[in-house]
Structure formats: C-alpha cells, structure tokens
Amino acid sequence: MASTVPPSSPAASQSFAGGAEPRQRPAAARWLEGSLRPLDALFARIYGSRWNPLHQSGTLAILLFLVVIATGLYLFVFYRISDPHGSVQAIHAQWWGGRWIRSLHRYAADAALVAIVFHVLKMLVGGRTWGPRTLAWVTGVALAGVVLLSGWTGLVMAWDVQGRVVAEEGARLLDLLPIFSEPIARSFAYAEAVPRSFFFMNLFLHVALPLGIALLLWIHVWRIARPKLLPPRPIAWTVLGLLLALSVLWPVSVLPQADLAQMPARIPLDIFYAFWIPVAVRVGPELHLLLWVLAALVAFTAPLWWRPRRTHREPSRVAEELCTGCRQCYEDCPFDAILMLPRTDPGARWELYARVDPALCVSCGICVGSCAPMGIGPPGRDGREQVREARDLLAAQPPLPGEVIVLACGHGPAAVRGLESLEGVRALATGCSGSVHSSLVEMLVRGGSGGVLMLTCPERDCLFREGPKWLAERLYHDREAELQERVDRRRVRLAALDPTDGARIRAAVRSFREEIAKLDAAEREEEIDLDLECERAQEVTHG
Amino acid sequence: MVEPVARLFLRLGFSGLLLASVALGTRVPVGSQPEEGLIRLAWRTMGEVVEVCRDVPEEERLRLPPHMRRDRICDQTSLPYRLRLELDGEVALERLVQPAGLFGDRPLVVLENLAAPSGSRHLEVAYDPAPEVLPHDLPPSEIEAALAAAPRYRLSEPVDIGPGRILLVRLEGGRLVLPEAGR
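Protein sequences, first through last, are from chains W and L.
All you need for this note's numbering is the position in the first sequence, starting with 1, plus 14.
All you need for this note's numbering is the position in the second sequence, starting with 1, plus 102.
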C-alpha cells in the first residue's frame with residue numbers, strides 16, 4: 015500500500031520535481047498505513063513487489079467473483095426450492111464432486127470479501143476517496159453492500175441452522191422498516207409458515223444480485239483508462255489451484271437442517287458474511303439497524319471527510335501554444351481526463367489540441383512525462399519547471415564525482431529511511447514517478463551525476479495506476495516523451511520496489527552505485543591508456 | 103536455483119495458509135446451548151370491522167376533484183385486541199394488538215417470543231377484543247355490533263418447556279392450540 019513521505023524521514027530531506035505536490039490524503043490515512051505496515055512488510059518480504067497479492071486486491075476480487083459465478087451456475091442446476099436442504103445434501107452426495115464445487119463456491123465468495131476489505135483499506139490508505147474518485151468510492155461501497163446481500167441470500171439458500179439464523183435476524187431488521195404491513199418474521203414462526211415463495215424469492219435475489227454487481231463494477235471502473243480487471247496469470251492460476259485444493263481437501267460440510275421448533279444453539283458461522291449475527295442477537299434489532307445505518311452513512315460520506323483538511327489539488331493545464339496535438343497525454347492519462355479537440359484558430363499548424371477536464375483530473379502529473387514540448391502539467395510541476403529545478407540544483411549543488419542521484423517516488427520508496435546516509439548517493443523525493451520528464455533524467459545524467467536511479471512503486475501498486483509503467487516505456491521503449499539516444503542508458507536505472515521493503519531498496523541503490531563506480535573506473539582506464547599512447551606516439555615521432 | 107525454489111515454496115505455503123484461514127472462518131462456532139425455552143405466539147386474524155358512514159355536504163363535495171366526489175363516505179377500522187399471557191398465574195405478557203396498515207384496515211398479527219424457564223408450567227393465553235381503545239367519536243352501536251361478532255380466544259394448558267425448545271401457540275380451526283410437538 016503506497017505511502018507518502020513523513021516529514022522527519024532522512025530520505026525526504028529534499029523534495030524535487032513535484033515532490034511537494036498537494037497532499038492527497040488525510041492524516042488518519044497515515045495512521046492507518048502505519049497500523050498496517052507490519053502486514054505490508056510481511057507480504058512484501060514473502061512475495062516481493064511483483065507477486066504481492068495486496069497489490070492485486072481489486073483484480074483478485076473480480077477473479078473470485080467469476081469463480082463464484084461459474085460454480086454458482088452449476089449449483090443452480092441442482093438446487094430445488096421445494097427442498098432446499100435436501101437438494102444441498104444431494105449435491106454433496108454427487109460422486110463427481112458436487113461438494114467440492116459447493117466448497118469452491120463458498121470459499122471463493124469468502125475470499126472475495128476478504129479481497130474487497132483489503133481493497134477498501136488500500137483505497138483509504140491512498141486517500142482515493144474524494145474528488146474525481148468519488149464515483150469509484152461510492153460505487154465501491156455499493157458493491158460491497160450488494161456482495162454482502164448476495165452472500166446472505168446464499169447462506170439462507172441452504173436452509174440449515176446457519177441459514178435459518180441469518181433469515182430470522184434479517185427479517186427482524188426488515189420488520190423495523192415501515193414498508194411491511196405485517197411482520198415478515200412471522201414467516202419463520204414455525205415450519206409450515208415458511209412459504210415456498212420465500213425460497214423462490216431468495217433464489218431470485220441470489221441470482222439477480224450478481225447482475226447488479228456486474229453493473230456496479232462497470233460503473234466502478236468507468237472513469238479510469240485501461241482498467242485491469244484480472245490479476246497476472248501466475249497469481250490467478252495459483253489462487254485458483256490453491257482454492258481447488260482446499261475445496262477437495264477440506265470441503266464445507268452440510269449443516270443440520272433448520273428446525274424452527276428449536277432455538278438456535280451453538281452453530282458454526284461463516285464469519286465473513288454472518289459476522290453481524292452475534293451483534294444482532296446481543297443488541298436487538300433497533301440498535302442493530304442503527305449500527306448498519308451509521309456504517310452506511312460513514313461509508314458513503316467518506317468523500318466528504320476522508321480527505322486532506324486543505325485540498326489544493328490543481329488539475330493539469332495545457333499550454334495550447336505548445337501543444338502539437340500528438341495525443342500522447344490523452345493516451346497516457348490513467349483517468350481519461352484529457353480530451354483532444356479540433357483547433358478552430360485560423361492558420362493553426364496542428365489539427366488537434368489537448369484539454370484537461372478538471373473534474374476528472376487527479377493532478378498526478380503523468381501527462382507531464384508524456385509531453386515532448388513540455389506543454390502540459392499541473393501548475394508549477396510541468397516539464398519546464400522540472401528542468402529548471404534540475405538546472406538550479408546542479409548549479410547550487412554540483413554532483414560529486416561518481417555521485418548517484420536517486421529519484422524516489424514520494425508516494426512510496428522515498429519514505430525508506432537511510433537512503434541519504436548511503437555513500438555517494440543523493441536521494442530526492444519526486445511526485446509520482448510517471449510525472450518525471452525524461453529531459454529531467456537527461457539533464458541530471460549529462461549534468462555530471464554518475465547516474466540516475468528511479469525508484470518507483472510496484473507497477474500494480476501505483477497510487478495513480480500507471481506511473482511506473484509509462485516511465486519504463488519512456489526510458490527504455492521509445493514512448494513519447496522518450497529518453498534521448500544520446501543519454502548513456504547504462505547510467506539510468508529503474509527499480510520498482512515495495513516501499514516497505516527497505517532492505518531491497520537500499521540494496522538496489524548500493525548495487526547501482528557500485529555499477530556506476532565500475533563504469534567510471536572503466537572509463538577512466540580508457541582515458542589513461544589514450545594519454546599513454548599519445549605520449550608514446552610523440553616519443554616515436556620525436557625519437 | 104535453490105533460493106528461488108525455496109522462495110516459491112514459501113509463497114505457495116503462505117498463500118495456502120491464508121486460504122486455509124479463510125476456510126476456517128467459514129465454520130466459527132458461535133452461540134451456546136440455551137438453558138431456557140421459548141414460548142412463541144404466532145397467528146393472524148381478520149379484525150371485526152367497525153364502519154362509520156356519513157353524508158358528504160355539498161360544499162365539501164365541490165372542493166374535491168370530480169372523480170373523488172361521493173355522496174356518502176364510509177370509514178372503516180378494525181377492532182383491536184388485547185393479548186394476555188400468564189405463566190403459572192403470573193402475567194408474563196400483556197399488550198394491545200392493533201390492526202396493521204396505515205389506515206388500520208389490515209389483519210391483526212400476533213408474533214411474540216417470550217423466554218421461559220425450563221420445566222413444567224401452566225400456560226394461559228387470552229386474546230380478546232379491546233373496544234375501549236377505539237376513538238370515542240365512533241357510534242356505540244357500531245362498536246357493540248362488532249364486539250358481538252368478534253371471536254374471543256382462550257388457551258389454558260399445562261406445558262413442558264424444555265431447554266432450547268420453542269413452544270408454539272397458534273390459531274387453528276378458530277381456536278388457540280398447541281401443536282403436538284409443543285406439548
């Protein structure tokens with residue numbers, strides 16, 4: 015989960031090239047991040063930056079949702095509303111593994127909810143709740159609610175001791191609402207009172223709600239460009255394989271049928287979807303409903319209060335006189351906040367120009383790095399400003415011989431302690447790494463530094479989604495605005511590392527420093543040999 | 103070569119552990135065996151209708167939209183009931199049951215759950231019309247007619263309340279009964 019630079023960190027001593035960009039998140043987000051840091055560090059240590067599932071929370075939730083749909087279709091074929099519990103027992107008795115499919119269905123649903131919780135935490139830590147992200151946040155909360163509802167109807171479907179409790183407590187909640195003239199809890203007063211239409215309605219909801227999930231998901235990712243919906247294949251296959259193995263080795267069991275003549279006793283509860291049952295039983299329906307209403311209010315209104323106290327987010331602006339209409343910023347923007355419009359001024363040299371939609375722009379600055387003429391960017395953070403800063407920096411503090419400049423993303427690796435204390439290293443915190451213009455890198459390399467190391471967040475954990483990806487494309491694969499050929503590529507390095515993995519980050523910096531030292535030594539040897547040869551040639555000439 | 107393989111197994115093992123903890127979370131034992139029983143009263147009756155009709159004055163008729171102009175308007179309400187439960191001679195529950203619905207014209211629904219100590223008890227349930235809570239402006243003749251027609255329900259039986267058992271009292275064949283399983 016991405017971090018920002020704490021003010022007292024040694025690595026944050028100098029902000030550079032947008033490193034002082036406006037705060038994106040409230041103070042409470044930093045507290046939350048600190049609380050989750052041990053978990054973050056553990057996952058980073060085990061999985062590394064590339065395979066960390068915490069960076070894939072959203073895509074994992076979608077993958078698991080697809081598993082739930084696929085297995086659900088199978089179960090739907092064999093489920094009978096006339097005998098709900100009996101049909102579940104029959105599914106378990108299928109010799110070809112009906113119980114494994116039911117287990118896979120349950121485990122995938124539970125794991126999806128866990129992934130959603132981590133996804134929510136990640137959004138809260140990153141402050142991705144307000145401004146242009148409001149729609150995504152609100153739809154996300156709605157999605158979580160619909161997923162919970164879908165899960166509850168699923169538990170009820172089995173009509174076992176657990177499903178009965180969920181149905182009864184749910185009915186007690188609904189009876190508080192002034193929408194039913196008769197208490198629906200009466201449907202569970204005794205066995206004969208339960209209408210068959212109840213199981214039909216429950217099944218209908220359980221099947222229809224996923225359609226709502228699909229619709230909400232579409233809106234949830236609507237405003238971002240190139241949304242990644244699924245995790246990388248190795249992660250996807252691993253998760254699927256492990257879930258299948260779990261379903262085979264430790265399948266869910268069929269709980270006893272609901273008996274409305276008996277009070278609920280000690281029952282095995284699915285704490286992911288039925289976590290609220292013990293609370294409901296203890297506090298009563300009125301307080302229980304109040305808790306849900308408060309939770310919904312808090313969640314839906316987060317865009318109003320989970321945000322920095324003072325927000326000076328300034329969207330990017332286009333200098334139209336510099337814009338050549340090349341469309342690169344339009345293609346690079348991760349939030350589809352840039353439009354290409356036809357020029358109407360007479361005698362215009364170019365057909366199109368770019369315009370930023372301020373309602374959609376999150377001020378990440380990734381467009382800065384896309385623009386060769388440096389005609390776009392948040393005020394004070396565009397390419398020209400970056401080059402000016404670099405010039406001033408090199409003039410004020412010329413690099414020492416062989417000194418390596420580390421440009422660390424301020425939302426992640428810049429927070430790593432101890433970078434400044436490494437020998438021969440100057441660490442600077444930038445804005446999102448995707449906002450760094452290649453001309454800045456060129457200026458630093460050609461301005462006397464031994465090399466430039468770009469420390470970015472892992473590609474799937476970028477606060478602005480595509481910063482590291484576009485930076486790599488611009489540095490190594492000629493994507494506009496590409497790093498010029500005249501720049502020695504051996505002196506430019508990119509490392510995408512988890513910000514909690516301080517050891518790996520320091521190791522990467524040391525390794526690069528050593529490589530640069532070797533490169534410098536090799537180049538010095540070449541120079542010395544030349545001098546010697548010239549001397550020898552002179553001796554021969556004057557011999 | 104060894105280190106990447108070891109790391110792969112570590113990742114797989116840790117991932118398996120995470121998913122196994124998800125599986126564990128699907129079966130967390132919650133709750134305890136109840137020591138008390140429960141008496142459940144569950145039935146639904148159509149209330150006796152008390153109807154009050156009046157002629158609509160011309161001025162009032164003209165104020166209404168044309169499609170709502172009637173010569174005579176009849177307001178209906180149902181007779182409320184009083185529910186009383188005694189356990190071993192002590193009143194354990196007493197409340198008014200009002201007809202449901204915004205206009206009080208829906209059936210009367212009883213759904214009560216009462217925790218009761220286990221053991222042999224004597225149960226008495228009374229479900230009688232309660233005209234005293236009707237509005238005073240209703241004509242007494244209408245109320246008396248509804249009262250005369252309204253059925254009264256009684257149950258008086260010894261019962262055995264087991265721990266965790268639900269003793270159901272319901273309406274069957276026009277009278278309050280304890281289904282076989284509840285005895």
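Every residue gets a Cβ at the ideal spot worked out from N, C-alpha and C, and that includes glycine.
Within 8 Å, strictly: CB atoms of residue i and residue j
i	j	result
residue 133 (chain L)	residue 281 (chain W)	yes
residue 382 (chain W)	residue 397 (chain W)	yes
residue 343 (chain W)	residue 378 (chain W)	no
residue 434 (chain W)	residue 443 (chain W)	no
residue 279 (chain L)	residue 225 (chain L)	no
residue 272 (chain W)	residue 175 (chain W)	yes
residue 179 (chain L)	residue 206 (chain L)	yes
residue 149 (chain L)	residue 181 (chain L)	yes
residue 241 (chain W)	residue 331 (chain W)	no
residue 349 (chain W)	residue 237 (chain W)	yes
residue 244 (chain W)	residue 118 (chain W)	no
residue 220 (chain L)	residue 138 (chain L)	yes
residue 216 (chain L)	residue 140 (chain L)	yes
residue 139 (chain W)	residue 50 (chain W)	yes
residue 179 (chain W)	residue 291 (chain W)	yes
Strand pairing of residue i, partner residues [DSSP]
i	result
residue 222 (chain L)	L:262
residue 470 (chain W)	W:510
residue 215 (chain L)	L:142
residue 368 (chain W)	W:354
residue 56 (chain W)	Paired residue(s): none; residue 56 (chain W) is not in a bridge.
residue 229 (chain L)	L:185 and L:255
residue 391 (chain W)	W:331
residue 196 (chain L)	L:186
Member of the options whose CA lies at the smallest distance from the CA of residue i
i	options	result
residue 322 (chain W)	W:145, W:295 and W:508	W:145
residue 268 (chain L)	L:256, L:159 and L:218	L:218
residue 89 (chain W)	W:102, W:363, W:77 and W:464	W:102
residue 173 (chain L)	L:183, L:182, L:180 and L:160	L:160
residue 142 (chain W)	W:198, W:317 and W:330	W:317
residue 210 (chain W)	W:329, W:129 and W:96	W:96
residue 115 (chain L)	W:30, W:60 and W:371	W:60
residue 260 (chain W)	L:125, L:188 and L:169	L:125
residue 154 (chain W)	W:229, W:201 and W:170	W:229
residue 241 (chain L)	L:153, L:111, L:110 and L:129	L:153
residue 274 (chain L)	L:251, L:146, L:243 and L:247	L:146
residue 216 (chain W)	W:177, W:82, W:227 and W:325	W:177
Between the CA atoms of residue j and residue i - distance to the nearest angstrom
i	j	result
residue 427 (chain W)	residue 467 (chain W)	12 Å
residue 367 (chain W)	residue 352 (chain W)	10 Å
residue 265 (chain L)	residue 203 (chain W)	18 Å
residue 283 (chain L)	residue 156 (chain W)	Below a pLDDT of 50, predicted positions are generally treated as unreliable, and residue 283 (chain L), at 49, falls in that range; the measurement from the model is reported next regardless. Near 44 Å, if we compare the C-alpha coordinates of residue 156 (chain W) and residue 283 (chain L).
residue 205 (chain W)	residue 123 (chain W)	29 Å
residue 177 (chain L)	residue 151 (chain L)	10 Å
residue 116 (chain W)	residue 266 (chain W)	8 Å
residue 299 (chain W)	residue 232 (chain L)	28 Å
residue 57 (chain W)	residue 48 (chain W)	15 Å
residue 181 (chain W)	residue 278 (chain W)	12 Å
residue 480 (chain W)	residue 98 (chain W)	48 Å
residue 113 (chain L)	residue 106 (chain L)	10 Å
residue 218 (chain W)	residue 224 (chain W)	11 Å
residue 41 (chain W)	residue 360 (chain W)	50 Å
residue 410 (chain W)	residue 354 (chain W)	40 Å
residue 20 (chain W)	residue 429 (chain W)	Summary for residue 20 (chain W): the model assigns pLDDT 35, below 50, so the residue's position carries little reliability, and this model does not support an answer.
residue 251 (chain W)	residue 84 (chain W)	16 Å
residue 232 (chain W)	residue 168 (chain W)	23 Å
Integer Cβ distance of residue i from residue j, believed to fall under 8 Å
i	j	result
residue 446 (chain W)	residue 389 (chain W)	About 19 Å; that fails the 8 Å criterion.
residue 69 (chain W)	residue 475 (chain W)	4 Å
residue 530 (chain W)	residue 432 (chain W)	Contact flag wrong, Cβ pair sits at about 19 Å.
residue 421 (chain W)	residue 450 (chain W)	6 Å
residue 227 (chain L)	residue 210 (chain L)	Rounded, the Cβ-Cβ distance is 15 Å, inconsistent with contact.
residue 144 (chain L)	residue 254 (chain L)	At roughly 18 Å, the Cβ-Cβ gap does not stay under 8 Å, so residue 144 (chain L) and residue 254 (chain L) are not in contact.
residue 65 (chain W)	residue 248 (chain W)	7 Å
residue 245 (chain L)	residue 257 (chain L)	Not really, about 26 Å apart at Cβ, beyond 8 Å.
residue 559 (chain W)	residue 497 (chain W)	Nothing in the structure corresponds to residue 559 (chain W), since chain W is present only between 15 and 557.
residue 436 (chain W)	residue 523 (chain W)	6 Å
residue 418 (chain W)	residue 459 (chain W)	10 Å between Cβ atoms; not a contact.
residue 514 (chain W)	residue 54 (chain W)	5 Å
residue 413 (chain W)	residue 448 (chain W)	The Cβ separation is near 24 Å, so there is no contact.
Residues of the region 151 to 184 of chain W with a CB closer than 8 Å to any CB of chain C: list them in chain order, please.
In the displayed structure, chain C is absent; the protein chains listed are W and L.
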